[in-house]
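Going by our numbering, the letters in the sequence shown line up with residues 67 to 425, in that order.
Each residue gets a CB set at the ideal place from its N, CA and C atoms; glycine is no exception.
These numbers were taken from a predicted model, which means no experiment stands behind them.
One structure is given below, encoded as structure tokens.
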Amino acid sequence: MVRIRLENLNKRFGDVVAVDNLNLDIRDGEFVALLGPSGCGKTTTLLMIAGIYKPTSGYIYFDDRVMNDVPPKDRNIGMVFQSYALYPHMKVFDNIAFPLKLKKVPRQEIEKRVREVAKILGIDKLLDRKPSQLSGGQQQRVALARAIVKQPDVFLMDEPLSNLDAKLRVMMRAEIKRIQRELGITTIYVTHDQLEAMTMADRIAVLNEGRLQQYAPPEDLYNRPANLFVAGFIGNIPINLIEGYLKRVDGTVLIDAGPLKIGLRDGYAEAIPSHLDMSSVVIGVRPEHIRLGRGSYTGRVVIVEPMGREKIVHLDVDGLNIRALTSSRSRVSEGREIPFDFDLRRIHIFDKATGKAIL
Ligand SMILES: Nc1ncnc2c1ncn2[C@@H]1O[C@H](COP(=O)(O)OP(=O)(O)OP(=O)(O)O)[C@@H](O)[C@H]1O
Ligand SMILES: [Mg+2]
């Protein structure tokens, strides 16, 4: 097990700044997800940790040792990629055994370790097959087994589930998490899927354009997004972001968003610095924090999307589009006007100029 520290890490490809001054501390045995949209620098970061890319500047530490000049093979890392890259002509057994053969581990020891790992992953009956005779999920497990069998100090995974169908992905998500907990190996998991990161990771590092946006446990990202980017990126059904400006009337704070005038709860007035009065802000309200059926606002139901247990209701409020989440039992019909309210304890306010959270 090992603790990983990235210090002022940068990577440039010509003019492209792929990773921009990244600082990150990953604890012993922790499961950290690198999350962000395509091109934000996730893979580049991972490949620097693996030693495949050299940082342009900055440092990578494993415990207290600077790793910048340590070659990949001496970093004791297990890697799993999106394309499993199994050797097609080798049986499953030999695919898993491969890294041990490279290390010249004795035959008997190889035999023992491959069977052990195969058992953990539930592929011990498939050892004599070729990769082409396996399902996607099984191939994925073989790739995992090959990474685990080395008994690495660190797991690096880059979108390992993206080739699987939705149901299998949910199963493998839990499986990888279980194995990671069982083995206690420090793990960095790259994904652009916020749900995957939220469900698997102890902490999530959200990246955008090479820069770290927030590094926090899943529930903190959800409940206390540091900026507009994180607020918009996290959440299964996108948060409502409503532009307005901040007014102070008789000691209370009101956000004027055109058709919506949202008075904030007591206590907010003191919390908001006065230099923001009259400035532009963005209110963030998650769809589950909008109550339908009663309240001081009204909207027209434009469309209803059933999702089984819940449904998404799209409202039009004089030209503003609002998404609300409600129980599938609640009666809402398209085309009708409906009253609604915000749960004012759960709204977020961002400074429009900087994107940073004010409250
Ligand atoms: N070898 C390279 N040469 C030049 N530019 C590169 C190279 N590798 C990555 N980049 C650029 O660096 C940026 C970050 O790329 P990276 O592969 O790290 O993104 P990512 O977050 O993994 O994206 P994705 O989710 O699409 O895999 C991108 O703008 C990409 O075009
Ligand atoms: Mg990538």
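Distance between beta carbons of residue j and residue i, contact taken as under 8 Å
i: T318; j: A335; result: 6 Å
i: I303; j: L287; result: That pair is no contact at about 15 Å.
i: I251; j: M67; result: 7 Å
i: D268; j: V98; result: 7 Å
i: F299; j: T253; result: Not really, about 21 Å apart at Cβ, beyond 8 Å.
i: I424; j: I415; result: 5 Å
i: L261; j: L330; result: The Cβ separation is near 31 Å, so there is no contact.
i: K418; j: S346; result: 4 Å
i: I115; j: I186; result: The Cβ separation is near 24 Å, so there is no contact.
i: D384; j: P325; result: 4 Å
Residue i, buried or exposed, once every other Cβ within 10 Å from all chains shown has been counted against 16
i: E285; result: exposed
i: R395; result: exposed
i: H355; result: buried
i: G301; result: buried
i: R179; result: buried
i: K77; result: buried
i: Q174; result: exposed
i: A263; result: buried
i: N306; result: buried
i: Y281; result: buried
i: N161; result: buried
i: E248; result: exposed
i: V183; result: buried
i: A232; result: exposed
i: G401; result: exposed
i: M133; result: buried
i: G102; result: buried
Same chain, Cβ closer than 7 Å to residue i, five either side skipped, listed in chain order
i: T265; result: R239
i: V256; result: L100, K108, T109, L112, M223, D224, E225
i: E203; result: For the sequence presented, residue 203 should be read as Gly rather than Glu. So the list reads L230, L234, M238, once near-sequence residues are dropped.
i: P218; result: N142, I143, G144, I251
i: L358; result: V379, A390, T392, S396, V398, I404, F406
i: D259; result: none
i: D129; result: V68, R69
i: P426; result: Limits of the chain in this structure are 67 at one end and 425 at the other, which puts residue 426 out of reach.
i: P138; result: A116, G117, I118
i: L192; result: V158, L200, Q204
i: A337; result: L425
i: V136; result: G117
i: D316; result: none
i: C106; result: L273, N274, E275, G276
i: R93; result: R69
Residues near residue i in its chain [Cβ-Cβ closer than 8 Å; skip 5 each side]
i: I189; result: V158, Q204, R207, V208, A211
i: K169; result: K216
i: G95; result: M67, G250, I251, T252
i: D332; result: T318
i: G124; result: L72, E73, N74, L75, N76, N87, L88
i: S104; result: H258
i: D343; result: L312, K313, R314
6 Å CB neighbourhood of residue i in its chain, flanking five on each side removed
i: T364; result: E403, P405
i: G361; result: P405, F406, D407
i: Y127; result: R71
i: P165; result: K216
i: D91; result: R71
i: L227; result: R235, M238
i: V368; result: H380, D382
i: L88; result: L72, L75, L278
i: I176; result: A163, L166
i: G421; result: N293, L294
i: I328; result: I321
i: I308; result: A323, I349
i: R366; result: D382, E403
Any C-beta of chain B under 8 Å from that of residue i
i: T420; result: Going by chain labels, chain B is absent from the structure shown, which holds only one protein chain.
| Is there contact between the segment 106-121 and the segment 293-307, where contact requires at least three CB pairs shorter than 8 Å? | no
| query | Is the number of C-beta pairs between the segment 269-284 and the segment 80-87 that are closer than 8 Å three or more? | reply | yes
| Touching by the beta-carbon criterion (3+ pairs, under 8 Å), the segment 147-161 and the segment 187-197 | The segment 147-161, when compared against the segment 187-197, does touch it at the 8 Å Cβ threshold.
| query | How do the segment 358-377 and the segment 306-324 stand: do at least 3 beta-carbon pairs fall below 8 Å, yes or no? | reply | no
| request: Only counting runs of 3 or more residues, tell me where the beta strand (DSSP E) segments fall wholly within the segment 267-296, in order along the chain. | output: Entirely contained in the segment 267-296, the beta strand (DSSP E) runs reaching 3 residues are, in chain order, 269-274, 277-282.
| said: At 3 residues or longer, what runs of the beta strand (DSSP E) sit wholly inside the segment 324-349? | reply: Counting only runs of 3 or more, we get 326-329.
| Do the segment 378-398 and the segment 348-359 make contact, defined as three or more Cβ pairs closer than 8 Å? | yes
| request: Could you name each continuous beta strand (DSSP E) segment of 3 residues or more that falls completely within the segment 217-258, going from the start of the chain to the end? | output: Every beta strand (DSSP E) of 3 residues or more that sits fully in the segment 217-258 is shown, in chain order, as 220-224, 252-257.
| message | List, from N- to C-terminal side, the alpha helix (DSSP H) runs of 4 residues or more that fit wholly inside the segment 361-422. | response | none
| Considering only residues of the segment 129-176, which uninterrupted alpha helix (DSSP H) runs meet the minimum length of 4 residues and lie entirely inside it, listed in chain order? | 158-168
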